[in-house]
Amino acid sequence: MPNTFESEGRVFIAPRQYCRELEQSENNTEFLLNFITLMEKVTPDSKQCDSFLLHNLILDTGITRDLADRVWKDKDLLTYGLLAVFAATDGGITRVFPNKAADDWLEDMEPHNATFYRRSLDNKRLHLSSTIQRT
């Protein structure tokens with residue numbers, strides 16, 4: 005776990021069946037805690053786990069962490085007219101930066117079901133928006 009989530013953004017993981025014993029939850033924080041607890045007991049190559057899903061999840065976690073650490077955290081997003089940035093991967097990671105923007109994140113935790121993912125398939129241009137709750 006990072007020392008400060010604010011510098012790396014908030015991470016959501018898709019609620020997939022990574023391992024047979026992984027307890028599912030509608031609450032992503034609870035699901036993440038269940039996932040971490042299980043990963044302390046088994047390895048990604050365990051026979052009860054889908055090693056392809058887990059290896060992609062681990063890879064994407066590192067890539068999006070590097071993106072947040074090396075690019076996003078040193079930028080003044082407001083200079084670009086942005087309140088937040090995010091990256092979602094086929095591996096199941098969604099990272100929202102800054103962390104406080106994730107409090108208003110309304111998208112599905114499964115990137116393939118998120119509105120931005122579906123809209124990106126219908127558009128040949130880069131898609132830069134997502135649904136957030138305005139207060």
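All residue numbers for the sequence shown refer to the numbering used here, where the first residue is 5 and numbers rise by one.
Glycine residues also receive a C-beta, built at the ideal position from the N, C-alpha and C atoms.
Applying the 10 Å Cβ sphere with the 16-neighbour rule, what's the burial state of residue i?
| i | result |
| --- | --- |
| GLY95 | buried |
| PHE90 | buried |
| GLU111 | buried |
| CYS23 | buried |
| ASN32 | buried |
| ARG56 | Looking at the sequence shown, residue 56 is not Arg but Phe. The residue in question, PHE56, is exposed, as its Cβ has fewer than 16 Cβ neighbours within 10 Å. |
| ILE17 | buried |
| LEU58 | buried |
Would DSSP call residue i helix, strand or coil?
| i | result |
| --- | --- |
| ARG20 | coil |
| THR98 | strand |
| ALA118 | coil |
Are the beta-carbon atoms belonging to residue i and residue j less than 9 Å from one another?
| i | j | result |
| --- | --- | --- |
| GLY13 | ALA106 | yes |
| PHE39 | ALA72 | no |
| ASP54 | GLN21 | yes |
Within the same chain, show all residues whose beta-carbon is closer than 7 Å to that of residue i, passing over the 5 residues directly before and after it, in chain order.
| i | result |
| --- | --- |
| ARG69 | GLU12 |
Check for me: the beta strand (DSSP E) holding residue i runs from which residue to which?
| i | result |
| --- | --- |
| ALA92 | 89–92 |
Apart from the five residues just before and just after residue i, which ones in its own chain have a Cβ nearer than 6 Å to its Cβ?
| i | result |
| --- | --- |
| ALA92 | THR98 and PRO115 |
| VAL15 | ARG99 |
Starting from residue i, follow the alpha helix (DSSP H) in both directions and report where the run begins and ends.
| i | result |
| --- | --- |
| ASP70 | 55–74 |
| ASN38 | 32–43 |
If I measure Cβ to Cβ from residue i and keep anything under 8 Å in the same chain, skipping five residues before and after, which residues do I get?
| i | result |
| --- | --- |
| GLU34 | none |
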